[in-house]
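K.L.:
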Amino acid sequence: MSAREEILARIAKAVAGADDVEIPRGYRTSGYVEDLVGLFAERVDDYRAIVHVIPSADVPARIAESVGDRRMIVPDGFDGSAGFSVAGGLDEADGVITSCAVAIAETGTIVLDHGTGQGTRAQTLVPDYHLCLVRADQIVSGVPEAIARLDPARPLTWISGPSATSDIELNRVEGVHGPRTLEVIIST
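Dropping the structure here:
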């Protein structure tokens, strides 16, 4: 008997009758975080993103200040795009402004399902600057809660900070696979 056959035989013997054994799957489906907005803002900041936590009444002014003179892609259905230059296409865009589907406090992750106000994957990954509006009620504690809110049939983009990678010498390089600058407005 070869070593491979011996190992496979041992595995077969060890799992014999395992179909009759119930394996407990006590996965956590929700978590408790006292301050979801605060934790989310802290984690997004840890990723070197720009973060603003402001009352919803101040959002239009904050958007205008953040956008400045950039030519922005504004996805269909995004509300609050008045007062700045709108780009005609990706080749003219300095940035993109979107909403999100859900945000995860524990990981500082924003999830786009590319629904209303969120644009296409290309619109959110090609421009150098991404401004994302997150409502406080869209922030959940952990990944299981986020997944429960998402439709797995939709295209999902998970964003944890600006695009970054490291070269072979571990030097951080930003903007290689997506926006170099991520700015997040959390509306309370």
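Heads up: the sequence shown begins at 1 in UniProt numbering, then just goes up one per residue.
The C-beta atom is built at its ideal place from N, Cα and C for all residues, glycine as well.
From this set, P179, H130, V140, which residue's C-alpha is nearest P75's C-alpha?
P.N.:
Measuring from the Cα of P75, the nearest candidate turns out to be H130.
K.L.:
How should G67 be labelled, buried or exposed, when 16 other C-beta atoms within 10 angstroms of its C-beta is the threshold for buried?
P.N.:
Looking at the sequence itself, residue 67 is Val, so the reference to Gly does not match. With 16 or more other Cβ atoms within 10 Å, it is buried.
K.L.:
Quick check: the Cα distance between A87 and R180, rounded to an integer number of angstroms?
P.N.:
Their Cα atoms are separated by approximately 18 Å.
K.L.:
Per DSSP, what kind of secondary structure is E183 in: helix, strand or coil?
P.N.:
In the structure shown, E183 sits in a strand (DSSP, three-state: E or B).
K.L.:
How close, in whole Å, do the beta carbons of V111 and L156 come, if the pair is a contact with beta carbons under 8 Å?
P.N.:
Yes, V111 and L156 are in contact; Cβ-Cβ is about 6 Å, under 8 Å.
K.L.:
Could you check the C-alpha separation between G108 and H114 for me, to the nearest Å?
P.N.:
Each residue's Cα considered, the two are about 19 Å apart.
K.L.:
With C-beta atoms as the reference, is A105 less than 7 Å away from Q138?
P.N.:
Result no, Cβ atoms of A105 and Q138 do not sit closer than 7 Å.
K.L.:
On the DSSP letters alone, give me the boundaries of the alpha helix (DSSP H) that L150 sits inside.
P.N.:
Taken as a continuous stretch (DSSP letters only), L150 belongs to no alpha helix (DSSP H), as it is neither H nor E.
K.L.:
Give the secondary structure of T124 by DSSP, where H, G and I count as helix, E and B as strand, and everything else as coil.
P.N.:
The answer is helix: DSSP assigns T124 an H, G or I state.
K.L.:
Can you tell me which of G89, G117, D91 puts its alpha carbon nearest to the alpha carbon of T98?
P.N.:
If we check each option's Cα against that of T98, G117 comes out closest.
K.L.:
Helix, strand or coil for A103, going by three-state DSSP, please let me know.
P.N.:
The answer is strand: DSSP assigns A103 an E or B state.
K.L.:
Would the beta-carbon of V134 be found less than 6 Å away from any heavy atom of the ligand ADP?
P.N.:
As for the ligand ADP, it is missing from this structure, which has no ligand bound.
K.L.:
On the DSSP letters alone, give me the boundaries of the alpha helix (DSSP H) that I11 sits inside.
P.N.:
Note, I11: alpha helix (DSSP H), 3-15.
K.L.:
Taking the continuous beta strand (DSSP E) assigned at I110, which residues delimit it?
P.N.:
Counting along the chain, the beta strand (DSSP E) containing I110 begins and ends at 109-112.
K.L.:
Helix, strand or coil, according to DSSP, for I97 in the structure here?
P.N.:
I97: strand per DSSP, three-state reduction.
K.L.:
Could you give the first and the last residue of the continuous beta strand (DSSP E) run that contains L133?
P.N.:
Per DSSP, L133 belongs to the beta strand (DSSP E) from 129-135.
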